[in-house]
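Residue numbers (our numbering): 177 to 575.
Right under this line is the structure:
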């Protein structure tokens with residue numbers, strides 16, 4: 177089985193290499209805008225863009241100074257952007273046309289299939305890029321020996337840092353799902369107060385990275401608004417603002433990577449809700465908190481880290497009693513689930529996570545599970561597995 181993985185490393189170019197990287201961005205932006213201009217009269221395919229690129233090279237000989245694969249990758253970018261607009265239009269979204277890219281908005285270029293090489297000289301790791309040279313790279317993670325490097329995407333962050341995203345293909349054996357029995361599973365409910373509350377009773381507080389940095393962020397935003405447009409002082413203030421945004425993003429990613437890795441390591445299958453985030457952020461009272469939590473990114477990390485990730489419908493996971501199934505209506509301010517039928521008292525998020533687990537188990541095995549009467553002495557997964565053995569049902573399997 178072929179798997180695709182990405183590794184992101186920090187680049188440390190010298191002054192000369194920094195100028196070359198910046199020139200590559202400028203050239204790619206120039207070619208991109210040429211393609212956008214040609215697409216004004218209708219859809220242009222990737223082949224059309226490549227033919228036009230050949231004409232541009234004949235007209236502008238200086239384009240031969242730059243790697244050909246890098247320029248051709250812009251054709252793929254334009255083709256994908258147009259198809260994305262068409263798909264959104266079919267789904268009923270209001271779409272416009274491709275827009276010209278400003279000088280500070282184009283921040284990536286791609287070396288596809290060729291023109292790059294990872295090398296080690298002594299204790300230094302180097303990334304060779306055609307037409308640029310050897311750039312120092314901080315390779316903090318080892319790339320597997322049996323992997324095949326497919327492409328390198330070079331990115332400049334808004335704070336001025338350079339990164340290389342290395343895409344590899346690696347062959348891994350496909351595990352026989354008939355011989356690997358499922359033993360550990362967990363239901364995960366995401367929220368604002370607690371970032372996650374799982375069916376094992378564990379809860380992780382929301383770090384609220386944006387809220388913690390709002391005060392310095394608002395202060396620097398006021399400074400930017402007071403500065404004269406085009407002045408060096410305004411550019412310096414913008415750079416400081418971008419560094420704060422980058423710090424918020426890095427903290428959020430670090431937290432989510434560690435948490436998702438923990439769930440992937442300790443469980444064979446993870447159950448989550450199918451969240452409709454587009455509808456959820458329409459609540460303007462909670463939109464900022466929901467965006468700060470970035471539940472979608474967390475689920476995305478779980479998808480590629482877990483052996484198995486199962487998404488269940490969110491309908492009534494908060495309302496239903498996890499023990500007897502009785503519906504207990506409650507507003508958002510009510511944080512405790514109290515069932516009048518079976519007298520179960522739980523945190524509402526804990527109750528929801530157990531319902532998520534039950535729905536996931538029912539989805540996988542077609543067997544209905546009920547919560548043990550002595551909550552806490554036996555987990556729902558253990559109870560479910562015991563029921564499976566008794567009823568000779570099909571074993572849950574993971575890969």
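Using N, Cα and C, we set each Cβ at its ideal position, and we do this for glycine too.
The structure displayed is predicted, hence computed values, not measured ones.
- When the Cα atoms are used, residue 182 and residue 343 turn out to be separated by approximately 5 Å.
- For residue 341, the uninterrupted beta strand (DSSP E) segment begins and ends at 338-347.
- Of the candidates 309, 327, 333 and 339, the residue whose Cα lies closest to the Cα of residue 315 is 339.
- In this structure, DSSP gives residue 512 an extended state, which the three-state scheme calls strand.
- In this model, residue 299 and residue 532 are separated by some 49 Å (Cα to Cα).
- Counting only the Cα atoms, residue 490 lies some 43 Å from residue 211.
- The alpha-carbon of residue 538 is positioned some 35 Å away from that of residue 461.
- Taking a 10 Å sphere around the C-beta of residue 527, we find 16 or more other C-beta atoms and assign the residue as buried.
- Runs of the alpha helix (DSSP H) spanning 4 or more residues and lying entirely within the stretch 427-501 occur at 453-456, 463-469 and 471-481, in chain order.
- One alpha carbon belongs to residue 508, the other to residue 466, and they sit about 14 Å apart.
- If you draw a 10 Å sphere on the C-beta of residue 246, you find 16 or more other C-beta atoms in it, and that means buried.
- The beta-bridge partner set that DSSP reports for residue 309 consists of 305.
- Burial state of residue 271 is exposed, judged by a 10 Å Cβ sphere holding fewer than 16 other Cβ atoms.
- Under DSSP, residue 330 takes part in a beta bridge, and its partners are 285 and 340.
- Taking the C-beta atoms as reference points, residue 478 is found nearer than 8 Å to residue 436.
- Partner residues in the beta bridge of residue 297, as assigned by DSSP, are 300.
- Note that the stretch 314-334 touches the stretch 182-191; at least 3 beta-carbon pairs, one per stretch, sit closer than 8 Å.
- Distance check between residue 485 and each of 520, 510 and 439 places 439 closest, using alpha-carbon atoms only.
- DSSP links residue 503 through a beta bridge to 496.
- Taking residue 363 as the centre and dropping the five residues before and after it, the same chain places the C-beta of 374, 375, 447, 529, 530, 532, 533 and 536 closer than 7 Å to its C-beta, in chain order.
- DSSP places residue 367 in the coil class of the three-state scheme, outside both helix and strand.
- Here residue 185 carries a strand assignment [DSSP, helix/strand/coil].
- When secondary structure is reduced to three states using DSSP, residue 290 falls in the coil class, being assigned neither helix nor strand.
- Taking 8 Å as the cut-off, the beta carbon of residue 346 is found no closer than this to the beta carbon of residue 370.
- For residue 378, there is no enclosing alpha helix (DSSP H), as DSSP marks it with neither H nor E.
- Put simply, of 196, 252 and 259 the residue whose alpha carbon is nearest the alpha carbon of residue 218 is 259.
- Distance from the CA atom of residue 417 to the CA atom of residue 233, rounded to whole angstroms, is 39 Å.
- Less than 8 Å divides the Cβ of residue 487 from the Cβ of residue 449.
- Sorting 289, 250 and 506 by C-alpha distance to the C-alpha of residue 327 places 289 at the top.
- Bounds of any beta strand (DSSP E) do not take in residue 220, whose DSSP letter is neither H nor E.
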